[in-house]
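Undergrad: Sharing a structure with you now.
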Amino acid sequence: MTLVKPDLVLDNANVITVDSGLPRAASIAILGDRIVGVGKRHAFATTGARSIDMDGATVVPGFNDAHNHMAIYGATLNEVAIQPAIAKSVEEILDAIARSAAETPAGVWVIATGYDDNKLAERRHPTRQELDRVSPDNPVLLNHTSGHFCVVNTAAMRLARVGEVAVPEGGVVALDENGEPNGLLEEQAQTLVRGLLHPRAIADIVQNLGAASDKYLSEGITSCQEAGVGGILGTKEPLELAAYQQARRDGRLRVRVTLMPSVETLHATDHHVDDDEPFVLDLGLHSGFGDDWLKFGATKIFADGSLIGRTAAMFDDFEGEPGNNGYFQMDEVRLHGLIMKAHRSGWQVAVHAIGDRAVASVLDGYDAALQKYPRDNTRHRIEHCGMTRAQDVTRIARLGVIPVPQARFISEIGDGMARAIGSRKPDCYRMRSFLDAGVVLPGSSDRPVVNGSPLLGIHDLVNQRTDDGEPFNLHEALTAEEALHAYTLGSAYAAFDENDKGSIARGKLADLAVLDRDITTTDPTAIDQTKVLATMVAGSFEFGSYT
Ligand SMILES: [Zn+2]
Numbered sequence: 004m005t006l007v008k009p010d011l012v013l014d015n016a017n018v019i020t021v022d023s024g025l026p027r028a029a030s031i032a033i034l035g036d037r038i039v040g041v042g043k044r045h046a047f048a049t050t051g052a053r054s055i056d057m058d059g060a061t062v063v064p065g066f067n068d069a070h071n072h073m074a075i076y077g078a079t080l081n082e083v084a085i086q087p088a089i090a091k092s093v094e095e096i097l098d099a100i101a102r103s104a105a106e107t108p109a110g111v112w113v114i115a116t117g118y119d120d121n122k123l124a125e126r127r128h129p130t131r132q133e134l135d136r137v138s139p140d141n142p143v144l145l146n147h148t149s150g151h152f153c154v155v156n157t158a159a160m161r162l163a164r165v166g167e168v169a170v171p172e173g174g175v176v177a178l179d180e181n182g183e184p185n186g187l188l189e190e191q192a193q194t195l196v197r198g199l200l201h202p203r204a205i206a207d208i209v210q211n212l213g214a215a216s217d218k219y220l221s222e223g224i225t226s227c228q229e230a231g232v233g234g235i236l237g238t239k240e241p242l243e244l245a246a247y248q249q250a251r252r253d254g255r256l257r258v259r260v261t262l263m264p265s266v267e268t269l270h271a272t273d274h275h276v277d278d279d280e281p282f283v284l285d286l287g288l289h290s291g292f293g294d295d296w297l298k299f300g301a302t303k304i305f306a307d308g309s310l311i312g313r314t315a316a317m318f319d320d321f322e323g324e325p326g327n328n329g330y331f332q333m334d335e336v337r338l339h340g341l342i343m344k345a346h347r348s349g350w351q352v353a354v355h356a357i358g359d360r361a362v363a364s365v366l367d368g369y370d371a372a373l374q375k376y377p378r379d380n381t382r383h384r385i386e387h388c389g390m391t392r393a394q395d396v397t398r399i400a401r402l403g404v405i406p407v408p409q410a411r412f413i414s415e416i417g418d419g420m421a422r423a424i425g426s427r428k429p430d431c432y433r434m435r436s437f438l439d440a441g442v443v444l445p446g447s448s449d450r451p452v453v454n455g456s457p458l459l460g461i462h463d464l465v466n467q468r469t470d471d472g473e474p475f476n477l478h479e480a481l482t483a484e485e486a487l488h489a490y491t492l493g494s495a496y497a498a499f500d501e502n503d504k505g506s507i508a509r510g511k512l513a514d515l516a517v518l519d520r521d522i523t524t525t526d527p528t529a530i531d532q533t534k535v536l537a538t539m540v541a542g543s544f545e546f547g548s549y550t
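Below, the structure written as structure tokens:
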């Protein structure tokens with residue numbers, strides 16, 4: 004029963020609350036931006052509030068993507084599309100670049116995003132010389148879908164002075180058989196070129212955030228967590244936070260965002276001799292920051308690379324590549340030092356770790372930090388947490404660490420991952436193992452690495468199939484209820500937001516998604532066919548309409 008009079012009631016709905024106290028309901032009472040009651044059909048009919056008949060539609064808590072790159076995704080919407088669905092071979096990529104170069108003034112960058120060498124007919128990256136052939140006068144940057152590689156042409160290399168300047172630590176400038184750069188820049192070496200394209204103008208970032216947020220609303224997303232504000236993998240956006248504040252002020256940012264500042268944006272400052280050296284940030288922070296729409300989460304650190312790119316730090320060599328067991332993006336002493344400093348300064352820490360050696364090393368770092376500076380309820384995170392040995396699943400549970408895996412990797416890049424790890428596949432993306440160990444599991448996409456629609460992520464958490472239709476790790480599959488929990492309450496927990504978000508319960512924010520079917524009872528192999536009919540944020544329908 005409500006104690007306060009609602010101003011809006013959604014009635015005659017199939018409400019999946021994700022609240023164990025009342026799993027199913029039929030009506031929701033809302034006052035302002037909060038839920039003030041959840042009940043049976045017509046439970047709030049006598050309140051006199053405006054009532055909307057949902058006609059039996061399924062209502063779930065708004066989705067929360069616990070790891071995405073919103074600003075980067077927004078930027079890709081303006082770039083040449085070379086995702087596997089669009090460009091199936093190196094030749095098709097070259098055609099797309101040729102078309103774009105033809106309509107771009109000489110000297111202006113041509114930027115394309117989304118190819119995966121594992122999915123191209125040739126099973127390799129395009130080369131500098133191939134790009135030169137179709138774009139001699141425009142610098143070209145091809146971004147790999149993982150974000151861990153790019154390929155550039157000679158014009159771009161000249162601008163970046165590749166060969167003249169030192170290769171950054173944690174990066175590789177790949178060479179061809181003649182010892183010449185073939186155009187492929189790995190991991191931190193991407194800084195050489197990306198450094199030329201950043202920082203972006205604040206107005207451009209605002210525009211990109213707006214375009215991304217419109218898309219998110221259409222997919223039922225009401226909150227997301229930005230994994231690396233201030234720049235990642237060679238990008239530098241020192242005022243990115245100011246751009247988020249601007250986008251919010253301009254009404255362009257229409258979903259709630261938890262910002263995870265890149266550890267590179269943190270720096271020391273003056274302090275009393277009795278205090279440890281603090282680790283603080285600026286990022287353009289100014290008045291008005293910090294509410295239900297924009298807040299800080301963890302600081303983000305990169306430990307290693309990717310499985311499909313075979314740069315993740317592994318205990319054993321990648322399949323068919325003796326001598327290659329990946330690498331760390333910084334030496335482990337420095338990595339553990341950063342974890343210690345960030346932990347000591349009060350940060351929740353989120354480290355990107357995909358290989359089993361990287362995951363184990365990050366756990367060593369968390370363990371040491373927690374022993375030296377004990378702190379309750381830290382919820383330190385491991386982003387991706389791709390390959391995890393059984394003993395490390397146990398350690399994750401013991402240390403209260405939150406793994407942040409991406410189920411959509413299984414269907415979009417799972418075949419490439421499976422080839423890279425061979426018989427170690429059972430250790431890959433252990434969603435069920437984490438739940439069974441008592442770990443809280445969030446839902447996330449790493450967009451733009453893969454399609455970020457949460458319903459596709461939920462589909463993959465449940466189905467565990469690669470895009471060849473091969474079973475990936477069926478023993479790690481979740482039920483639809485568990486997958487929905489991950490993308491709502493699990494993600495909220497990963498950002499310390501479980502009291503405000505993640506379930507449909509009295510007192511929580513009125514953030515909801517309306518679906519055309521009940522994903523917990525529909526044929527599991529058809530979850531990806533589910534349509535989002537409407538999305539409510541803060542008590543108002545921001546996508547779709549109900550009257
Ligand atoms: Zn990411």
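Per my numbering, residue 4 is the first one in the sequence shown, and the count goes up by one each step.
Note that the Cβ used here is the ideal one computed from N, Cα and C, for glycine as well.
Please read all numbers here as calculations on a predicted model, not as lab measurements.
#1: Between Phe427 and Leu373, what straight-line distance do the alpha-carbon atoms span, to the nearest angstrom?
#2: With a threshold of 8 angstroms, are at least 3 pairs of Cβ atoms found where one atom belongs to the segment 247 to 256 and the other to the segment 194 to 211?
#3: Where in the segment 481 to 520 do unbroken runs of the beta strand (DSSP E), each at least 3 residues long, occur, reported from the N-terminal end onward?
#4: Taking C-beta to C-beta, are Ser414 and Arg360 nearer than 9 angstroms?
#5: Give the secondary structure of Ile522 by DSSP, where H, G and I count as helix, E and B as strand, and everything else as coil.
#6: In chain order, what residues of the same chain have a beta carbon less than 8 angstroms from the beta carbon of Ile38, not counting five sequence neighbours either side?
#7: Just how far apart, CA to CA, sit Thr302 and Val176?
#8: Along the alpha helix (DSSP H) that carries Asp217, what are the first and last residues, could you check?
#9: Ligand 1 and Asp307: does the residue's C-beta get closer than 8 angstroms to at least one heavy atom of that ligand?
#10: Are Gly117 and Gln86 closer than 9 angstroms when you measure CB to CB?
#11: Opposite Phe331 in the DSSP bridges: which residues?
#12: Can you list, in chain order, the residues of its chain whose CB lies under 8 angstroms from that of Gly51, leaving out five sequence neighbours each side?
#13: Hey, how far is the Cα of Gly65 from the Cα of Arg520?
#14: Measure the alpha-carbon distance for Asp22 versus Ala16 and round it to whole angstroms.
#15: Taking C-alpha atoms, which residue in Thr533, Leu444, Glu180 and Leu187 lies nearest to Asp120?
#16: What separation, rounded to the nearest whole angstrom, lies between the Cα atoms of Ser436 and Val396?
#17: When you compare each of Glu485, Asp503 and Asp463 to Ala529 by their alpha carbons, which one comes out closest?
#18: Use the C-beta contact count for Pro139: other C-beta atoms within 10 angstroms, 16 or more gives buried, fewer gives exposed.
#19: Between Asp449 and ligand 1, is there a pair consisting of the residue's CB and a ligand heavy atom that are separated by less than 8 angstroms?
#20: Since Val63 sits in a beta bridge, which residues does DSSP pair it with?
#21: Could you tell me which of Arg44, Asp279 and Gln532 sits nearest to Leu459, measuring between CA atoms?
#22: Along the chain, which unbroken stretches of the beta strand (DSSP E) at least 3 residues long are found entirely within the segment 331 to 405?
#23: Is Val452 a contact residue of ligand 1, with contact defined as CB to any heavy atom under 8 angstroms?
#24: Contact check, Gly312 vs Ser149 under 8 angstroms by CB: the rounded distance?
#25: Measuring straight from C-alpha to C-alpha, what distance separates Ala192 and Leu515?
#26: Taking Gly358 and Met420 to be in contact with their CB atoms under 8 angstroms, please state how far apart those CB atoms are, rounded to whole angstroms.
#27: Please say whether Ala74 and Thr46 have beta carbons closer to each other than 9 angstroms?
#28: Is it the case that the CB of Glu386 approaches a heavy atom of ligand 1 more closely than 8 angstroms?
#29: Report the rounded CA-to-CA distance for Thr5 versus Leu25, giving the unit in angstroms.
#30: Skipping 5 residues on each side, what residues in its chain have a beta carbon closer than 6 angstroms to that of Thr268?
#31: List in chain order: all unbroken alpha helix (DSSP H) runs of 4+ residues lying wholly within the segment 213 to 286.
#32: In or out: Leu13 buried (at least 16 other Cβ within 10 Å) or exposed?
#33: In its own chain, which residues sit with a C-beta less than 8 angstroms from the C-beta of Val365, not counting the 5 before and 5 after it?
#34: Report all residues from its chain with a CB closer than 6 angstroms to the CB of Tyr76; omit the five preceding and five following residues, and keep chain order.
#35: Would you list the one or two residues that DSSP bridges to Pro184?
#36: I'd like the span of the beta strand (DSSP E) that includes Phe412, first residue to last.
TA: According to the data block:
#1: The question names Phe, but residue 427 in the sequence shown is Arg. Going by the C-alpha atoms only, they are around 30 angstroms apart.
#2: yes
#3: Runs found: 515 to 518.
#4: no
#5: coil
#6: Apart from the 5 residues on each side of it in sequence, Ile38 sits with its Cβ closer than 8 angstroms to the Cβ of Ile31, Ala32, Ile507, Ala508, Arg509, Gly510, Lys511, Leu512 and Ala513 in its chain, given in chain order.
#7: 28 angstroms
#8: Ile205 to Ser221
#9: no
#10: Their beta carbons are under 9 angstroms apart, which means Gly117 touches Gln86 by this criterion.
#11: Answer by DSSP bridge pairing: none, since Phe331 is not bridged.
#12: Lys8
#13: 15 angstroms
#14: 16 angstroms
#15: Leu187
#16: Cα atoms of Ser436 and Val396: separation of roughly 7 angstroms, rounded to the nearest angstrom.
#17: Asp463
#18: exposed
#19: yes
#20: Ala516
#21: Gln532
#22: 352 to 356 and 384 to 387
#23: yes
#24: Rounded, the Cβ-Cβ distance is 5 angstroms, consistent with contact.
#25: 42 angstroms
#26: 11 angstroms between Cβ atoms; not a contact.
#27: Reading off the sequence shown, one finds Ala at residue 46, where the question assumed Thr. Their beta carbons are not under 9 angstroms apart, which means Ala46 does not touch Ala74 by this criterion.
#28: yes
#29: Unreliable positioning characterises Thr5 in this predicted model, as indicated by a pLDDT of 47, which lies under 50. A coordinate reading is not provided.
#30: Gly233, Leu284 and Leu286
#31: 243 to 252
#32: buried
#33: Ala306, Leu338, Ile342, Val354, Ala356 and Ile385
#34: If we look at Tyr76 and ignore the five residues flanking it on each side, its Cβ neighbours are Ala215, Arg450 and Pro451.
#35: Leu178
#36: No beta strand (DSSP E) holds Phe412; the alpha helix (DSSP H) holding it covers Arg411 to Ile424.
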